[in-house]
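Student: Structure incoming, see below.
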Amino acid sequence: MKLRLLIGMVIMIFATNAVAQDVNDFLNNVRTKLNTVKDYKADGTMKLDVPFLQVPDSKIDIYYKQPDKFRIRQQKGVSLVPKGGISINMGSLFKSGQYAAVDAGQSSFESKVLRAVKLLPLDENSDVVLTTLFIDPGSYLIRKATITTKENGTYQVQFNYGKYSNWGLPDEVLFTFNTKDYKVPKGVTFDYDEDEKTGIDKVKNGKGTVKITYSSYTINKGIPDDVFKKPDSK
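In the working numbering, the protein residues as written are 369 to 602.
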């Protein structure tokens with residue numbers, strides 16, 4: 369009996385190691401596709417949808433540079449993009465040695481069977497606690513991600529692909545967040561019929577979405593570091 373138990377434990381250990389290796393090999397294929405993009409500048413439109421808020425769509429410029437430089441520059445209008453959310457680009461999640469990967473089985477999404485992988489950051493100071501990726505195993509494209517943070521709650525991101533799919537770049541990103549975690553900027557108009565306090569409470573306790581539609585990309589042409597500096601940086 370003891371011998372059978374010992375053999376069973378050995379088999380379990382080998383099976384666990386094999387699955388872990390398989391997950392890492394799978395993620396390496398995803399990372400290889402993303403790493404073909406050294407930098408890009410994209411033109412797009414950002415649409416904000418928050419309950420009881422009137423915010424016009426805005427034209428934006430998006431910049432990325434390996435390994436983790438990312439910026440959305442809004443040409444005009446109100447910005448309500450949550451902290452740490454949309455700026456988490458997929459490429460920066462795959463920096464070597466920055467996470468432990470766990471196979472989470474399969475999941476269905478938009479009539480596709482996706483592979484779910486959980487990423488646990490190894491840096492204890494990371495604001496990101498857990499990232500779950502849902503990946504198309506045929507194309508190695510990330511179709512959906514759920515990101516849990518220490519300071520800013522949980523975000524969900526969906527990716528739709530088109531003519532830039534060979535680069536691993538989406539044509540559309542839909543980002544969902546909890547509005548209660550964020551301050552409403554001054555000058556934003558509330559649209560509700562109830563008393564003011566009730567309307568504001570509903571905004572703070574609702575769901576918001578940011579949809580970014582990319583019209584074009586300029587890929588691997590070089591982006592100066594100054595682009596990523598904050599306006600007040602020197």
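Positions of the beta carbon are idealized from the N, C-alpha and C atoms, including for glycine.
(1) Nearest-angstrom Cα distance between Val578 and Ala472?
(2) From the DSSP output, read off the bridge partner residues of Lys575.
(3) Can you name, in chain order, every residue of its own chain whose Cβ lies under 6 angstroms from the Cβ of Ser584, other than the five neighbours on each side?
(4) In the DSSP assignment, the beta strand (DSSP E) including Pro489 goes from what residue to what residue?
(5) Counting C-beta neighbours from all protein chains within 10 Å, is the total for Pro538 16 or more, i.e. buried, or is it exposed?
(6) Measuring alpha carbon to alpha carbon, tell me which residue in Ile510, Lys444, Ser494, Glu492 is nearest Thr500.
(7) Helix, strand or coil for Thr650 per DSSP?
(8) Over the uninterrupted beta strand (DSSP E) stretch that includes Asp495, give me the two end residues.
(9) Check whether the segment 502–521 touches the segment 421–438, counting contact only when three or more Cβ pairs, one atom from each stretch, lie closer than 8 angstroms.
(10) If you measure between the beta carbons of Asp425 and Lys415, is that distance less than 7 angstroms?
Tutor: Quick answer:
(1) 27 angstroms
(2) Asn546
(3) Asp411
(4) 480–489
(5) buried
(6) Ile510
(7) Given a span of 369 to 602 for the chain in the structure shown, any question on residue 650 remains unanswerable.
(8) No beta strand (DSSP E) holds Asp495; DSSP gives it neither H nor E.
(9) The segment 502–521, when compared against the segment 421–438, does not touch it at the 8 angstroms Cβ threshold.
(10) Going by C-beta atoms, Asp425 is nearer than 7 angstroms to Lys415.
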